[in-house]
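Just so you know, the sequence shown maps onto residues -21 to -1, 1 to 100 in mature numbering (1 follows the signal peptide of the UniProt record, and there is no 0). To keep things clear, I will list the structure first and then write my remarks on it.
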Amino acid sequence: MRTSTLITLAAAVLLSAPALAAEPGASAKPAASPGACVDVEVGGYRALSYDCLSRQMAPTENRAPGNPALASEDIAKQAPNRLGLFNQSATSNRMGNQFGKSAFPQRPPAAQGASPLLGGK
């Protein structure tokens, strides 16, 4: 019993010796740069540091200064048909001669020809 206690105590002292010998201000592992993420591989599987990746993906707080109303200026300069708005010439082309007369577009009359399978009767 006393022998096992001495062995346990000796093992604890030997394992803690490197930590005690190190300088008090120094850490056991070097600090990674703020922009770097550390990936760990355990048993052949990689474990990503999602906390670090989330910090890198976060938007920066420095927004572009300026008037936000001017951001819509590019939209106002686009063609109306690109924005899905009314276009006189396109609507006139689609409606044909019914433009301004009816809500239904012009359609050609249905063909009244004979079936080619009947033999020209």
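C-beta atoms are modelled at their ideal positions from N, C-alpha and C, and glycine is treated no differently.
Residue span of the alpha helix (DSSP H) that contains residue i, given as start and end
i   : result
R73 : 67 to 74
Within 7 Å, strictly: CB atoms of residue i and residue j
i   : j   : result
R73 : P84 : yes
F78 : S71 : yes
V17 : A26 : no
Residue i versus residue j - alpha carbon distance
i   : j      : result
S28 : T(-19) : 44 Å
E52 : G75    : 34 Å
L96 : R86    : 26 Å
L49 : E40    : 21 Å
A69 : N60    : 9 Å
G63 : Q57    : 11 Å
A15 : T(-14) : 40 Å
P47 : A82    : 41 Å
| query | Of all the beta strand (DSSP E) runs that stay within the bounds of the stretch 11 to 54, which reach a length of 3 or more residues? | reply | 19 to 21, 24 to 26
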